[in-house]
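Residue numbers (our numbering): -1 to 61.
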Ligand SMILES: [Zn+2]
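Okay, structure coming up:
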C-alpha cells in the first residue's frame, strides 16, 4: 500500500463559519475621549455608536 491519502481536500475549515457570541458579548460601550459610558444598542457594535457628550466613536468595554 503506497498511495492512499495524501494531498487532498478532505478536512479543512469551512468557507464561512459564522461565529457566535462576537457581538452579543458586548456589555457596555465607553467613550475613549471623555470616558462616558452607555449601553450599546441591540445588534449595533460600540464602534458604530457615538458619544452623547462629545460625539466621538465609542469603544467596547472589555472585562
Ligand atoms: Zn465622549
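All C-beta atoms in this analysis are idealised placements derived from N, C-alpha and C, irrespective of residue type, glycine included.
Rounded to the nearest whole angstrom, the C-alpha separation of residue 29 and residue 41 is 18 Å. 7 Å or more divides the Cβ of residue 27 from the Cβ of residue 55. Residue 44 is positioned such that its CB atom lies closer than 7 Å to that of residue 38. Proximity annotation: ligand 1 has residues 29, 31, 32, 34, 49, 51, 52, 54 in chain order, each selected because its CB is closer than 6 Å to a heavy atom of the ligand. Exposed is the label assigned to residue 52, since fewer than 16 other Cβ atoms lie within 10 Å of its Cβ. In this structure, the alpha-carbon of residue 36 lies about 10 Å from that of residue 25.
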